[in-house]
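*Asks:*
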Amino acid sequence: MFLESNVNKDKSFCTGALTLMYNSRFFEEKTEELFKQGLIHGTTHLANGQEASQAGLCMALTDKDWIVPTHRCHGFTICRGSSAYSMFSEMFGSSHGLAKGLGGSMHMPDREHGNLGSSAVVGSGIPLATGIAFDMKYNGKEGVSVAIFGDGASGRGSLHESMNLASIWKLPVLFYCENNLYGMSAPSSAMISVPHVADRAAAYNMSGLTVDGNDFDTVYEACLKALSHIREGKGPFLLEVMTYRTKGHSKSDRRLYRTAEEEAYWASRDPIMLYENKLANEGILTRDEISEIRESCLENIEKQASRALEDSIDRLTEQEALDLVYAP
Ligand SMILES: Cc1ncc(C[n+]2csc(CCOP(=O)(O)OP(=O)(O)O)c2C)c(N)n1
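Under my numbering, residues 2 to 329 are what the sequence shown spells out, in order.
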């Protein structure tokens, strides 16, 4: 599908996009550090390298829209507008967390910011997002629901059942595949029977598109295109963004299934670096301005992490936790 140029060169827009990407990256870096220090328990799935996909999607959404992310949810949660404080608090198990400390890294719902949150069960958010879209259409609510999933999840039946119903009922849902080339250690090239996940759209009589997920402008444009198709009532859309997670799948992954050359290639396509270069080369921001934005994002993430750590003594009582988990 042809993309018309909708690239936004406005300085404040570009500063906003860069800020989201820095916040996502610094959040992940701080999270890794806190895990290594033993201050956070459980596991975590970092999305370093996938910032253009997160920011590009979220900047194209409105506050009427909803997302249902995956286990690798931090970047989308931050880009949708949640505070880093509430996200760090969640991982510290404190009552200031988005799920009052009961969820941890993979469970960061935030209704105020149109984010239903995710679950550890791969592919389980897709039917939920489709259900939100059904509610929107059935009850005449404005908005689009976004089912975010990985290339690994694309083989699950939940996606295929959801795409079928969404197409039949022309539901306002964007199926957003973040293809980072691996599902744990399994390369997507060996696990998916078609060249691109988006090729599957044709089987469900819907539109599909595969784009470069490391170029912010490309992702943003593709999202605008897909979202306007959906908002015009033309039915669901399957958008696949090609990206790479530069860290292991989770904390314990030593990445033995991929080569140093492959990692070096993707490091040369780091989405933040690409965007910084583009902004500087096109004269939208100077290198000094870029450094200032970077420093202020870093400082902000550090501050929010420290404050969340200080406040992490505030925890739900056992009774409060039970009251939240079980109906009376
Ligand atoms: C139903 C189910 N099967 C298997 C797992 C184990 N698992 C956790 S993440 C993951 C890989 C998911 O890959 P992908 O959907 O590509 O997302 P990514 O981790 O690359 O972001 C698997 C198999 C799980 N959590 N749930």
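The C-beta atom is built at its ideal place from N, Cα and C for all residues, glycine as well.
1. Is C178 helix, strand or coil by DSSP?
2. Given this structure, state the Cα-to-Cα distance separating L182 from Y276, to the nearest angstrom.
3. Between the C-alpha atoms of P272 and L35, what's the straight-line distance to the nearest angstrom?
4. Just to confirm the assignment, what range does the alpha helix (DSSP H) spanning I79 have?
5. Ignore the nearest five residues each way along the sequence and tell me which others in R288's own chain have a CB closer than 7 Å to its CB.
6. At the level of alpha carbons, what is the spacing between P128 and K279?
7. If you reduce the DSSP assignment to three classes, tell me which class G118 lands in.
8. With respect to 6 Å, is the separation between the Cβ of A154 and the closest non-hydrogen atom of ligand 1 below this value?
9. Cβ of G43 within 6 Å of any heavy atom in ligand 1?
10. May I ask whether a heavy atom of ligand 1 can be found less than 6 Å away from the beta carbon of R255?
11. Whose CA, out of S208, M107, Y205 and I193, lies closest to the CA of G126?
12. Would you mind listing the beta strand (DSSP E) stretches within the region 196-261 that are 3+ residues and don't spill past its ends, in chain order?
13. Might you give, ordered along the chain, the residues of its own chain that have their beta carbon closer than 7 Å to the beta carbon of G184, omitting 5 neighbours on each side?
14. Looking at the strands, I want to know which residues DSSP matches up with A18.
*Replies:* The structure says:
1. As a working note, residue 178 is residue 177 in the sequence shown. Residue state, collapsed to three classes: strand.
2. As a first step, residue 182 is located in the sequence shown; it is residue number 181 there, counting from the start. As a first step, residue 276 is located in the sequence shown; it is residue number 275 there, counting from the start. Cα-Cα distance, rounded: 21 Å.
3. On the sequence shown, residue 272 is found 271 positions in, with the first residue counted as 1. On the sequence shown, residue 35 is found 34 positions in, with the first residue counted as 1. In a straight line, the C-alpha of P272 is about 24 Å away from that of L35.
4. As a first step, residue 79 is located in the sequence shown; it is residue number 78 there, counting from the start. Start and end: H75 to R81.
5. As a first step, residue 288 is located in the sequence shown; it is residue number 287 there, counting from the start. Excluding positions up to five away in sequence, the list reads A281.
6. Here residue 128 is taken as the residue at index 127 of the sequence shown, counted from 1. Here residue 279 is taken as the residue at index 278 of the sequence shown, counted from 1. Cα to Cα, P128 sits roughly 38 Å from K279.
7. Taking the first residue of the sequence shown as position 1, residue 118 is located at position 117. In this structure, G118 counts as coil in the three-state DSSP scheme.
8. The residue given as residue 154 occupies position 153 in the sequence shown. True, at least one ligand heavy atom lies under 6 Å from that Cβ.
9. Indexing the sequence shown from 1 puts residue 43 at position 42. It does not: the Cβ of G43 is nowhere closer than 6 Å to a heavy atom of ligand 1.
10. By one-based count along the sequence shown, residue 255 stands at place 254. False, no ligand heavy atom lies under 6 Å from that Cβ.
11. Taking the first residue of the sequence shown as 1, we reach residue 126 at position 125. Of the candidates S208, M107, Y205 and I193, the one whose C-alpha sits nearest the C-alpha of G126 is M107.
12. 208-213 and 238-243
13. In the sequence shown, counting from the first residue as 1, residue 184 sits at position 183. Closer than 7 Å at the Cβ level, and outside the excluded window around G184, lie G151, D152, G153 and M192.
14. Locating residue 18 in the sequence shown gives position 17, counting from the first residue. Note: A18 sits in no beta bridge, so no partner.
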